[in-house]
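Asks: Position 54 (the sequence shown) corresponds to 54 in full-length UniProt numbering; numbering is contiguous.
One structure is given below, represented as C-alpha coordinates, and several questions about it will come after.
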Amino acid sequence: MTGPNGSSRVFIELGPRPDEPTQLVRPGARSSYPPDVLARLDADAETVIARYREPDAAATTSRSALLPLLHLVQSEDGYITPAGIDFCSAKLGLTGAEVAAVSTFYSMYRRGPTGEYLVGVCTNTLCAIMGGDDILAALEEHLGSAGSRDEGGHSISTSDGKFTLEHIECNAACDYAPVMMINWEFFDNQTPESARSLVDALRAGERVTPSRGATLCSFRQTARTLAGFPDTRIEAAEAQTIGGATLAGLRISRSHDDNPPGSASAADAPDEGK
1 MTGPNGSSRV FIELGPRPDE PTQLVRPGAR SSYPPDVLAR LDADAETVIA RYREPDAAAT
61 TSRSALLPLL HLVQSEDGYI TPAGIDFCSA KLGLTGAEVA AVSTFYSMYR RGPTGEYLVG
121 VCTNTLCAIM GGDDILAALE EHLGSAGSRD EGGHSISTSD GKFTLEHIEC NAACDYAPVM
181 MINWEFFDNQ TPESARSLVD ALRAGERVTP SRGATLCSFR QTARTLAGFP DTRIEAAEAQ
241 TIGGATLAGL RISRSHDDNP PGSASAADAP DEGK
(Lines of atoms letter the chains of each structure in order from A and count residues from 1; the text may use other names and numbers.)
(Lines give C-alpha, C1' and ligand atoms only; values in the text may rest on other atoms or scores of the structure.)
Protein backbone atom coordinates (compact mmCIF):
# COMPACT_ATOMS: atom_id res chain seq x y z
CA MET A 1 0.00 0.00 0.00
CA THR A 2 1.05 3.63 -0.29
CA GLY A 3 1.38 6.33 2.29
CA PRO A 4 -0.71 9.53 2.52
CA ASN A 5 -1.14 11.48 -0.69
CA GLY A 6 0.38 8.72 -2.78
CA SER A 7 3.81 9.00 -1.16
CA SER A 8 6.29 6.12 -0.85
CA ARG A 9 4.97 2.64 -0.28
CA VAL A 10 4.37 1.36 3.26
CA PHE A 11 5.04 -2.33 3.92
CA ILE A 12 2.81 -4.00 6.51
CA GLU A 13 3.92 -7.48 7.52
CA LEU A 14 1.08 -9.80 8.51
CA GLY A 15 2.37 -12.77 10.48
CA PRO A 16 5.80 -14.40 10.46
CA ARG A 17 7.80 -15.02 7.32
CA PRO A 18 8.10 -18.67 6.20
CA ASP A 19 11.68 -18.88 7.44
CA GLU A 20 11.00 -17.39 10.88
CA PRO A 21 10.90 -19.72 13.92
CA THR A 22 7.36 -20.64 14.98
CA GLN A 23 5.81 -23.60 16.77
CA LEU A 24 6.24 -25.67 13.59
CA VAL A 25 9.38 -24.07 12.17
CA ARG A 26 12.25 -25.14 14.41
CA PRO A 27 15.96 -24.65 13.82
CA GLY A 28 17.10 -27.60 11.73
CA ALA A 29 13.57 -28.70 10.84
CA ARG A 30 13.15 -30.15 7.37
CA SER A 31 11.56 -27.89 4.81
CA SER A 32 11.52 -30.55 2.07
CA TYR A 33 12.24 -34.25 1.56
CA PRO A 34 15.02 -35.70 -0.61
CA PRO A 35 13.78 -37.64 -3.67
CA ASP A 36 14.24 -41.12 -2.17
CA VAL A 37 12.36 -40.25 1.01
CA LEU A 38 9.63 -38.49 -0.96
CA ALA A 39 9.16 -41.54 -3.20
CA ARG A 40 8.80 -43.80 -0.16
CA LEU A 41 6.35 -41.46 1.54
CA ASP A 42 4.34 -41.12 -1.68
CA ALA A 43 3.90 -44.89 -1.87
CA ASP A 44 2.89 -45.14 1.78
CA ALA A 45 0.52 -42.19 1.45
CA GLU A 46 -1.27 -43.85 -1.46
CA THR A 47 -1.88 -46.88 0.76
CA VAL A 48 -3.35 -44.64 3.45
CA ILE A 49 -5.50 -42.51 1.14
CA ALA A 50 -6.90 -45.58 -0.62
CA ARG A 51 -8.66 -46.54 2.60
CA TYR A 52 -10.79 -43.42 2.31
CA ARG A 53 -11.72 -43.66 -1.36
CA GLU A 54 -15.38 -44.17 -2.02
CA PRO A 55 -15.80 -46.69 -4.88
CA ASP A 56 -18.37 -44.58 -6.72
CA ALA A 57 -17.01 -41.15 -5.81
CA ALA A 58 -14.92 -39.00 -8.08
CA ALA A 59 -12.77 -37.73 -5.23
CA THR A 60 -11.48 -39.05 -1.95
CA THR A 61 -12.76 -37.95 1.42
CA SER A 62 -9.36 -36.36 1.88
CA ARG A 63 -9.83 -34.88 5.32
CA SER A 64 -10.37 -38.34 6.77
CA ALA A 65 -6.87 -39.36 5.67
CA LEU A 66 -5.16 -36.39 7.32
CA LEU A 67 -4.73 -37.87 10.80
CA PRO A 68 -2.95 -41.06 9.66
CA LEU A 69 -0.86 -39.06 7.17
CA LEU A 70 0.34 -36.83 9.99
CA HIS A 71 1.39 -39.95 11.89
CA LEU A 72 3.17 -41.11 8.73
CA VAL A 73 5.30 -37.98 8.38
CA GLN A 74 5.90 -38.03 12.13
CA SER A 75 7.29 -41.54 11.77
CA GLU A 76 9.77 -40.11 9.27
CA ASP A 77 10.89 -37.00 11.14
CA GLY A 78 10.07 -37.76 14.77
CA TYR A 79 7.80 -34.71 14.89
CA ILE A 80 5.74 -32.52 12.56
CA THR A 81 8.02 -30.46 10.33
CA PRO A 82 7.32 -27.91 7.58
CA ALA A 83 8.21 -30.68 5.11
CA GLY A 84 5.56 -32.91 6.67
CA ILE A 85 2.95 -30.15 6.56
CA ASP A 86 3.67 -29.46 2.89
CA PHE A 87 3.59 -33.17 2.05
CA CYS A 88 0.17 -33.73 3.65
CA SER A 89 -1.15 -30.55 2.06
CA ALA A 90 -0.04 -31.62 -1.42
CA LYS A 91 -1.34 -35.17 -1.10
CA LEU A 92 -4.79 -34.17 0.14
CA GLY A 93 -5.39 -30.87 -1.61
CA LEU A 94 -5.64 -28.99 1.68
CA THR A 95 -4.04 -25.69 2.56
CA GLY A 96 -0.98 -25.62 4.76
CA ALA A 97 -3.02 -23.69 7.32
CA GLU A 98 -5.62 -26.47 7.48
CA VAL A 99 -2.97 -29.14 8.01
CA ALA A 100 -1.11 -27.05 10.59
CA ALA A 101 -4.35 -26.38 12.48
CA VAL A 102 -5.01 -30.09 12.89
CA SER A 103 -1.42 -30.95 13.76
CA THR A 104 -1.32 -28.35 16.53
CA PHE A 105 -4.73 -29.29 17.94
CA TYR A 106 -3.86 -32.87 18.92
CA SER A 107 -1.07 -33.38 21.44
CA MET A 108 0.01 -36.72 19.94
CA TYR A 109 1.48 -34.75 17.04
CA ARG A 110 4.80 -33.49 18.31
CA ARG A 111 5.94 -29.92 17.62
CA GLY A 112 9.63 -30.49 18.33
CA PRO A 113 12.24 -33.25 18.10
CA THR A 114 11.19 -36.27 20.14
CA GLY A 115 13.43 -38.93 21.63
CA GLU A 116 13.44 -42.62 20.82
CA TYR A 117 11.22 -43.08 23.86
CA LEU A 118 8.48 -40.58 24.70
CA VAL A 119 7.89 -40.90 28.44
CA GLY A 120 4.65 -39.42 29.75
CA VAL A 121 3.73 -39.28 33.41
CA CYS A 122 0.09 -38.66 34.26
CA THR A 123 -0.31 -35.79 36.71
CA ASN A 124 -4.09 -35.55 36.49
CA THR A 125 -6.16 -35.70 39.66
CA LEU A 126 -6.09 -39.37 40.70
CA CYS A 127 -2.56 -40.09 39.46
CA ALA A 128 -1.34 -36.92 41.19
CA ILE A 129 -2.95 -37.99 44.47
CA MET A 130 -1.34 -41.41 44.12
CA GLY A 131 2.14 -40.00 43.46
CA GLY A 132 2.29 -38.91 39.82
CA ASP A 133 3.99 -35.59 40.60
CA ASP A 134 6.66 -37.40 42.61
CA ILE A 135 7.32 -39.76 39.70
CA LEU A 136 7.65 -36.86 37.25
CA ALA A 137 10.03 -35.00 39.57
CA ALA A 138 12.12 -38.13 40.09
CA LEU A 139 12.45 -38.72 36.35
CA GLU A 140 13.31 -35.08 35.64
CA GLU A 141 16.17 -35.35 38.13
CA HIS A 142 17.22 -38.83 36.95
CA LEU A 143 17.24 -38.00 33.24
CA GLY A 144 18.91 -34.65 33.76
CA SER A 145 17.03 -31.43 34.34
CA ALA A 146 19.59 -29.62 32.19
CA GLY A 147 18.26 -31.22 29.02
CA SER A 148 16.66 -29.17 26.29
CA ARG A 149 13.10 -28.05 27.03
CA ASP A 150 10.42 -27.11 24.55
CA GLU A 151 9.29 -23.49 24.33
CA GLY A 152 6.48 -23.96 26.82
CA GLY A 153 8.62 -25.92 29.26
CA HIS A 154 6.20 -28.83 29.03
CA SER A 155 8.72 -31.49 27.95
CA ILE A 156 12.41 -32.15 28.30
CA SER A 157 14.64 -34.15 25.96
CA THR A 158 17.94 -35.77 26.85
CA SER A 159 21.02 -34.69 24.92
CA ASP A 160 21.57 -38.19 23.52
CA GLY A 161 18.13 -38.19 21.86
CA LYS A 162 17.06 -41.25 23.83
CA PHE A 163 14.22 -39.81 25.92
CA THR A 164 11.65 -37.06 25.87
CA LEU A 165 9.84 -36.61 29.19
CA GLU A 166 6.56 -34.78 29.72
CA HIS A 167 3.54 -34.70 31.95
CA ILE A 168 0.32 -35.95 30.38
CA GLU A 169 -3.35 -35.59 31.09
CA CYS A 170 -5.68 -38.47 31.95
CA ASN A 171 -5.27 -41.50 29.68
CA ALA A 172 -8.28 -43.41 31.03
CA ALA A 173 -6.25 -45.79 33.20
CA CYS A 174 -7.31 -44.39 36.56
CA ASP A 175 -7.80 -47.89 38.01
CA TYR A 176 -4.02 -48.37 37.78
CA ALA A 177 -2.90 -45.00 39.12
CA PRO A 178 -0.27 -43.70 39.10
CA VAL A 179 0.29 -44.47 35.43
CA MET A 180 3.22 -43.78 33.15
CA MET A 181 3.21 -44.20 29.38
CA ILE A 182 6.17 -44.88 27.12
CA ASN A 183 5.43 -44.46 23.41
CA TRP A 184 1.73 -44.65 24.34
CA GLU A 185 2.02 -48.04 26.09
CA PHE A 186 0.77 -48.32 29.68
CA PHE A 187 2.96 -48.91 32.72
CA ASP A 188 0.64 -49.29 35.70
CA ASN A 189 0.98 -48.65 39.44
CA GLN A 190 4.32 -46.90 39.15
CA THR A 191 6.60 -45.50 41.84
CA PRO A 192 9.62 -43.19 41.51
CA GLU A 193 11.86 -46.24 41.93
CA SER A 194 10.11 -48.38 39.30
CA ALA A 195 10.01 -45.46 36.86
CA ARG A 196 13.76 -44.90 37.20
CA SER A 197 14.36 -48.63 36.70
CA LEU A 198 12.31 -48.58 33.49
CA VAL A 199 14.28 -45.78 31.86
CA ASP A 200 17.55 -47.35 33.01
CA ALA A 201 16.56 -50.62 31.34
CA LEU A 202 15.71 -48.82 28.10
CA ARG A 203 18.98 -46.90 28.17
CA ALA A 204 20.83 -50.20 28.61
CA GLY A 205 19.10 -51.62 25.53
CA GLU A 206 17.01 -54.17 27.41
CA ARG A 207 13.64 -55.41 26.17
CA VAL A 208 10.90 -53.71 28.15
CA THR A 209 7.30 -54.91 28.14
CA PRO A 210 4.42 -52.69 29.32
CA SER A 211 1.74 -53.77 31.76
CA ARG A 212 -0.66 -54.37 28.87
CA GLY A 213 0.89 -54.66 25.44
CA ALA A 214 3.78 -55.92 23.36
CA THR A 215 7.48 -55.21 23.86
CA LEU A 216 8.23 -51.52 23.38
CA CYS A 217 9.35 -50.25 19.99
CA SER A 218 10.70 -46.80 19.12
CA PHE A 219 8.58 -43.66 18.95
CA ARG A 220 8.90 -43.53 15.16
CA GLN A 221 7.87 -47.18 14.82
CA THR A 222 4.87 -46.46 17.03
CA ALA A 223 3.92 -43.49 14.82
CA ARG A 224 4.02 -45.72 11.74
CA THR A 225 1.68 -48.20 13.42
CA LEU A 226 -0.66 -45.33 14.30
CA ALA A 227 -0.64 -44.38 10.61
CA GLY A 228 -2.34 -47.72 10.01
CA PHE A 229 0.54 -49.94 8.95
CA PRO A 230 0.91 -53.46 10.41
CA ASP A 231 2.41 -53.83 13.86
CA THR A 232 5.33 -56.12 13.11
CA ARG A 233 5.97 -57.14 16.71
CA ILE A 234 5.33 -60.89 16.82
CA GLU A 235 3.48 -60.83 20.13
CA ALA A 236 1.44 -57.68 19.42
CA ALA A 237 -1.92 -59.37 18.80
CA GLU A 238 -1.70 -61.69 21.80
CA ALA A 239 -0.37 -59.08 24.22
CA GLN A 240 -3.53 -56.97 24.45
CA THR A 241 -5.19 -57.93 27.72
CA ILE A 242 -7.73 -56.57 30.17
CA GLY A 243 -6.32 -55.96 33.63
CA GLY A 244 -7.83 -57.28 36.82
CA ALA A 245 -8.69 -53.87 38.27
CA THR A 246 -10.73 -53.00 35.18
CA LEU A 247 -12.81 -56.14 35.64
CA ALA A 248 -13.39 -55.76 39.39
CA GLY A 249 -16.92 -54.45 38.91
CA LEU A 250 -17.73 -57.28 36.52
CA ARG A 251 -16.59 -59.86 39.07
CA ILE A 252 -18.79 -58.30 41.74
CA SER A 253 -21.70 -58.25 39.31
CA ARG A 254 -21.20 -61.92 38.53
CA SER A 255 -21.02 -62.86 42.19
CA HIS A 256 -24.41 -61.23 42.75
CA ASP A 257 -25.89 -62.40 39.45
CA ASP A 258 -26.56 -58.75 38.73
CA ASN A 259 -27.26 -58.02 35.05
CA PRO A 260 -28.66 -54.56 34.25
CA PRO A 261 -31.62 -54.51 31.85
CA GLY A 262 -30.52 -54.73 28.24
CA SER A 263 -26.98 -55.84 29.08
CA ALA A 264 -25.30 -59.08 28.09
CA SER A 265 -25.51 -61.82 30.66
CA ALA A 266 -22.57 -62.34 32.96
CA ALA A 267 -21.91 -65.64 31.24
CA ASP A 268 -21.40 -63.80 27.95
CA ALA A 269 -19.02 -61.22 29.39
CA PRO A 270 -15.30 -61.49 28.66
CA ASP A 271 -13.05 -63.34 31.05
CA GLU A 272 -10.14 -61.53 32.64
CA GLY A 273 -7.16 -61.38 30.34
CA LYS A 274 -9.14 -62.07 27.16
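Even for Gly, the Cβ is constructed at its ideal location relative to N, Cα and C.
Could you spell out the range, first to last residue, of the beta strand (DSSP E) harbouring Ser62?
Replies: Run containing Ser62: none; DSSP gives neither H nor E here.
Asks: With 16 as the cutoff for other CB atoms within 10 Å, does Gly28 come out buried or exposed?
Replies: So Gly28 counts as exposed.
Asks: According to DSSP, is Phe187 part of a helix, a strand, or is it coil?
Replies: Strand at Phe187.
Asks: Helix, strand or coil for Gly96, going by three-state DSSP, please let me know.
Replies: Note: Gly96 maps to helix in three-state DSSP.
Asks: Compare the beta carbon distance of Pro178 and Gly213 with 7 Å and say whether it is the shorter of the two.
Replies: Against a cut-off of 7 Å, the Cβ pair of Gly213 and Pro178 comes out as no contact.
Asks: Locate the alpha helix (DSSP H) running through Phe163, then write down its first and last residues.
Replies: Premise fails: Phe163 lies in the beta strand (DSSP E), 163 to 168, not in any alpha helix (DSSP H).
Asks: Taking Val121 as part of the beta strand (DSSP E), name the residues at either end of that continuous run.
Replies: First-last of the beta strand (DSSP E) with Val121: 117 to 122.
Asks: Could you check the C-alpha separation between residue 275 and Gln221 for me, to the nearest Å?
Replies: Because residue 275 is not part of the residues shown, which for the chain are 1 to 274, the question remains open.
Asks: Where Val102 and Ala138 are concerned, what is the direct C-alpha to C-alpha distance, given to the nearest angstrom?
Replies: Cα to Cα, Val102 sits roughly 33 Å from Ala138.
Asks: Mind reading off the beta-carbon distance from Glu140 to Ile156? Whole number of angstroms is fine, and I expect it under 8 Å.
Replies: At roughly 7 Å, the Cβ-Cβ gap stays under 8 Å, so Glu140 and Ile156 are in contact.
Asks: Just how far apart, CA to CA, sit Arg63 and Gly115?
Replies: Answer to the nearest angstrom: the Cα atoms are 29 Å apart.
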